[in-house]
Amino acid sequence: MASTRRQRTKGAAGDLRPSGVAPTAVSVLSAATGARVDLVGPVAATTEVTGVTLRAQDARPGDLFAALPGGSTHGARYADQALAAGATAILTDPAGRAELAKVLGPEDSCAVLIHPDPRSVLGPVSARVYGYPSQRLKLIGITGTSGKTTTSYMVEAALLAAGHSVGLIGTVQTRIDGVALPSSLTTPEAPTLQAILATMVERGVDAVVMEVSSHALALGRVDGAHFAIGAFTNLSQDHLDFHPSMRAYFDAKARLFSPGSSTRALRPIICVDDEWGRRMVDVVRADRQTTPTTVSTGTVPAQWHAGPSTVDAAGVQHVSITVPGGGHHEMAVPLPGRYNVANALTAVAIAAGAGVPTATAIGAIAGVAVPGRLERVEKGQPFLVVVDYAHKPAALQAVIATLREQTRGRVAVVVGAGGDRDTGKRPMMGEIAARGADLAIITDDNPRSEDPARIRAEVLAGTRDVESGADVRELGDRAEAIREAITWAQPGDSVLIAGKGHETGQEINGVKHPFDDRVVAAEALDALSAAVEEDR
Numbered sequence: 070m071a072s073t074r075r076q077r078t079k080g081a082a083g084d085l086r087p088s089g090v091a092p093t094a095v096s097v098l099s100a101a102t103g104a105r106v107d108l109v110g111p112v113a114a115t116t117e118v119t120g121v122t123l124r125a126q127d128a129r130p131g132d133l134f135a136a137l138p139g140g141s142t143h144g145a146r147y148a149d150q151a152l153a154a155g156a157t158a159i160l161t162d163p164a165g166r167a168e169l170a171k172v173l174g175p176e177d178s179c180a181v182l183i184h185p186d187p188r189s190v191l192g193p194v195s196a197r198v199y200g201y202p203s204q205r206l207k208l209i210g211i212t213g214t215s216g217k218t219t220t221s222y223m224v225e226a227a228l229l230a231a232g233h234s235v236g237l238i239g240t241v242q243t244r245i246d247g248v249a250l251p252s253s254l255t256t257p258e259a260p261t262l263q264a265i266l267a268t269m270v271e272r273g274v275d276a277v278v279m280e281v282s283s284h285a286l287a288l289g290r291v292d293g294a295h296f297a298i299g300a301f302t303n304l305s306q307d308h309l310d311f312h313p314s315m316r317a318y319f320d321a322k323a324r325l326f327s328p329g330s331s332t333r334a335l336r337p338i339i340c341v342d343d344e345w346g347r348r349m350v351d352v353v354r355a356d357r358q359t360t361p362t363t364v365s366t367g368t369v370p371a372q373w374h375a376g377p378s379t380v381d382a383a384g385v386q387h388v389s390i391t392v393p394g395g396g397h398h399e400m401a402v403p404l405p406g407r408y409n410v411a412n413a414l415t416a417v418a419i420a421a422g423a424g425v426p427t428a429t430a431i432g433a434i435a436g437v438a439v440p441g442r443l444e445r446v447e448k449g450q451p452f453l454v455v456v457d458y459a460h461k462p463a464a465l466q467a468v469i470a471t472l473r474e475q476t477r478g479r480v481a482v483v484v485g486a487g488g489d490r491d492t493g494k495r496p497m498m499g500e501i502a503a504r505g506a507d508l509a510i511i512t513d514d515n516p517r518s519e520d521p522a523r524i525r526a527e528v529l530a531g532t533r534d535v536e537s538g539a540d541v542r543e544l545g546d547r548a549e550a551i552r553e554a555i556t557w558a559q560p561g562d563s564v565l566i567a568g569k570g571h572e573t574g575q576e577i578n579g580v581k582h583p584f585d586d587r588v589v590a591a592e593a594l595d596a597l598s599a600a601v602e603e604d605r
């Protein structure tokens, strides 16, 4: 088959692919991965592929279908769907090859790549098929428990201000050349990621900012990606349903920085405000050849350092920062909380590492707004209402502390916990809410497949031994909980709606129902205003 560039057809919404891909022979992928090739039906050994997919229903003509083992079923059971859609090859393991014999008929024809651990080679295979797009970009990866999204938005703004064409891949959005698309995973699976990066290259993007989750690093989603810069924000308890311990969670994050790691970033930037950041510095220095760039907002010495911050009447933080070499700049941070000073300073350090002048980065960050991160809901009310994504203990504690500092009245918190996730943090969330707020309403987050009442009970258990005098209430209906908190508020108070942030759905028993905390809060404020007018 001639190696001509093949035009791709448009797939499902959000399934981004480059419009033209040079075919790659299955024999090339076999040689690169050590996978054995097995031919099914009258297919030639010169079979080529022009795309990769993990989902049979998303397969397109010329695709390699990655049929991987799963928790409840094997992807090979859906191979007939992928071939019917035009897939020409399958990547699987020996168990998957046995499954293929059950689902493929005599009319089916394809090349099968058999590897003992196909997930471990899926990233490099996807990168090869799409022409190693990350090597043609300045790819910036940001990892950590909290702050990834905010820092990413700030870095994106700094790069745009410096004249770059910028892509963004993260929890809230994937943006390509100014076009925003929803994101379902913080870091997409390897085939999707490499296709997105290739699409960005095709559209003239020269720098990409990407949130890199611990799941992505542990599961190989970013294998095959070449990171010019990697940054670490912090680490606190989260995802212990997936990682067996905090150490394992840290080790997954460290794959972006560890010597010998295939995903190690060329330039590491580490915030050393917590113990885990200081440990990450040790990881980077293990090979004695790489010196990390360090960031600090506290007492730990670092190349980038932020002094004390002041807050103006509009809620903007002002802070003097010291840069490598000893120079000083004044930085305005439009988001409240000392942790956002750390996010902003890390963003400036990343931008500087990418060649952006410090003054340009600082100026761009001053105007950044991040969806669902201490996002205000304003309807002219005499109290503050904010929506925040805080869904882990440390993040919730930091947000409540920030509001408490800036509130002359009382603080209400509406919070819950997600189902099918780390159960150990549930009582911690309840304790933090009861200890820090005057009113804590425990409600539903995304119950997923779990019993919502059971989740609420586990969150409430953490409130029982707290002697703060907080009014603790349970109200499962999240909309009702938001309305109750807003009705309770008086002039000078603050209402925090925590846990879902930018999300526009609530997942219950496998169904995602439309739900946006910001919309519900705005409607509650309108109703409150109408009731006040009626009483006059």
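Here this note's numbering is used: the first residue of the sequence shown is 70, the next is one more, and so on.
Don't be surprised by glycine CBs; every beta carbon is placed ideally from N, CA and C.
In this text the structure is predicted, and so the values were computed from the model without any measurement.
Using a threshold of 9 Å, state whether the C-beta atoms of residue i and residue j are closer than that.
i, j, result
"ALA145", "ALA164", "yes"
"SER563", "GLY478", "yes"
"VAL112", "ALA180", "yes"
"LYS217", "SER305", "no"
"ALA294", "LEU266", "yes"
"VAL446", "VAL439", "no"
"ARG272", "SER221", "no"
"THR261", "GLU280", "no"
"LEU529", "GLU543", "yes"
"PHE326", "GLY299", "yes"
"THR359", "PRO337", "yes"
"GLY561", "ARG525", "no"
"THR532", "ALA503", "yes"
"VAL97", "GLY210", "no"
"VAL109", "ASP177", "yes"
"ASP132", "ALA154", "yes"
Within 10 angstroms of the Cβ of residue i, are there 16 or more other Cβ atoms? Answer buried if so, exposed if not.
i, result
"SER598", "exposed"
"THR243", "buried"
"ASN515", "buried"
"LYS569", "buried"
"GLN126", "exposed"
"ASP546", "exposed"
"LYS581", "exposed"
"HIS460", "buried"
"ALA276", "buried"
"PRO451", "exposed"
"ALA167", "exposed"
"ALA522", "exposed"
"ALA314", "Note that residue 314 corresponds to Ser in the displayed sequence, not to Ala. The residue in question, SER314, is exposed, as its Cβ has fewer than 16 Cβ neighbours within 10 Å."
"ASP307", "buried"
"ARG86", "buried"
"THR628", "Beyond the ends of the chain as shown, which are 70 and 605, falls residue 628; an answer cannot be given."
"VAL341", "buried"
What residue from the options has the CA that sits closest to residue i's CA?
i, options, result
"ASP149", "ASP342, ALA136, LEU173, ARG166", "LEU173"
"SER195", "THR122, GLY488, LEU229, VAL241", "THR122"
"GLU549", "ASP520, VAL483, ARG495", "VAL483"
"GLN204", "GLY432, LEU228, ALA334", "ALA334"
"PHE134", "PRO462, GLU474, ALA463, VAL95", "VAL95"
"ALA413", "SER389, GLY424, GLY394", "SER389"
"ILE606", "LEU262, GLY139, ALA323", "Here the chain comprises residues numbered 70 to 605, so residue 606 is not present and cannot be evaluated."
"ARG316", "MET349, VAL341, ASP292, ALA158", "MET349"
"ARG124", "GLU444, THR302, THR142, TYR147", "TYR147"
"VAL274", "ILE238, ASP586, ILE469", "ILE238"
"THR302", "ILE566, THR415, ASP351", "THR415"
"LEU465", "PRO328, GLY103, LEU565, TRP345", "LEU565"
"ALA285", "THR391, GLY213, HIS571", "GLY213"
For residue i and residue j, what's the separation of their Cα atoms in angstroms?
i, j, result
"TYR318", "HIS312", "5 Å"
"ASP343", "ALA428", "27 Å"
"THR573", "VAL589", "11 Å"
"VAL106", "ALA259", "22 Å"
"ASP534", "ARG407", "28 Å"
"ARG357", "THR363", "16 Å"
"GLY236", "HIS184", "33 Å"
"ILE431", "LYS448", "30 Å"
"LYS207", "VAL601", "54 Å"
"ALA114", "LEU169", "18 Å"
"ALA156", "ARG129", "6 Å"
"GLY80", "ALA264", "For GLY80, the predicted model reports a pLDDT of 39, less than 50, meaning its position is unreliable; a value from the coordinates is still stated below. C-alpha separation (whole angstroms): 12 Å."
"GLU117", "ALA287", "29 Å"
"GLY140", "PRO405", "42 Å"
"ARG354", "ASP320", "15 Å"
Does the stretch 381-396 touch the stretch 181-190, meaning 3 or more C-beta pairs lie closer than 8 Å? no
With contact counted as at least three CB pairs below 8 Å, one residue from each stretch, are the stretch 500-517 and the stretch 529-548 in contact? Taking a cut-off of 8 Å for Cβ pairs, the stretch 500-517 and the stretch 529-548 touch, as three or more such pairs fall below it.
Three CB pairs or more closer than 8 Å across the stretch 485-493 and the stretch 512-529: A contact exists between the stretch 485-493 and the stretch 512-529.
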